[in-house]
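S.K.: So in this note's numbering the end of the sequence shown lands on 1541, straight run, no missing numbers. We put the CB at the ideal spot given by N, CA and C, even for glycine. Owing to the predicted nature of the structure, the values given are computational and were not obtained by experimental measurement. Below: one structure in structure tokens.
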Amino acid sequence: MVPSGRKYSGKSAKPSVGDQAIRAYEFEQEDKKDLSGSEEDAVEEKTPILEKHGRKRTSAVVEDMGGEVQNMLERFGADINKSLLAKRKRLEMYTKASLKTSNQKLENVWKTQQEQRQKLNQEYSQQFLTLFQQWDMDMQKAEEQEEKLANLFRQQQKVFQQSRIVQSQRLKTIRQLCEQFIKVCCIW
């Protein structure tokens, strides 16, 4: 019987199950087929020839082999789990980092757009304010001009009324003189 935990160092024509499992995980290129032979020959070359010596394994050896295979499979499973866990952590870190940078970029874009909007709003507000102030000044000037024109119109009206009164008085005087002249002329 072979004690557990140690590999059997004796030479055997049969490869152990552990060696076969390890070879299954080795990803080396297979030798190219010999193109001159048939497929059967190639398959026979690939399959290991196991010689039987007529001895049978005891159940302890089989259990020990099964234990080794089980240990090896557990190690492979643990390695795969560690690898997956490490990849998951890296993915989470990369995702968090990319989300953080994306959020920072979005915040920067938002801030710059907000600043641009405020600046644009300020510029237009200033332009509207100056335009409204100019419009208000123009309206005040127009009202002043309107008052001046109204005053001038009233003054012209008064002047016209006075000149009309003067003309009517002169016309009256002319009539009176004309009537006197006719009376004086008729008497003669």
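How would you call Glu1392, buried or exposed, if buried means at least 16 neighbouring beta carbons within 10 angstroms?
M.R.: Residue confidence is low: Glu1392 scores 48 on pLDDT, short of 50, so the model does not pin down where it sits. Its coordinate-derived value is still stated next. Its Cβ having fewer than 16 others within 10 Å, Glu1392 is exposed.
S.K.: With a threshold of 16 other CB atoms inside 10 Å of the CB of Glu1345, please say whether the residue is buried or exposed.
M.R.: The question about residue 1345 has no answer here: the residues shown for the chain are numbered 1354 through 1541.
S.K.: Quick one: residues in its chain with C-beta nearer than 6 Å to the C-beta of Ile1527, no 5 flanking neighbours on either side, listed in chain order?
M.R.: Excluding positions up to five away in sequence, the list is empty.
S.K.: In angstroms, rounded to a whole number, what distance separates the CA positions of Lys1449 and Arg1470?
M.R.: Approximately 31 Å between the Cα atoms of the pair.
S.K.: How many Å lie between Leu1484 and Lys1472 at the Cα?
M.R.: Using only the alpha carbons, I get a separation of about 18 Å.
S.K.: Can you give the Cα-Cα distance for Gln1522 and Gln1510, rounded to whole angstroms?
M.R.: Whole-angstrom Cα-Cα distance: 18 Å.
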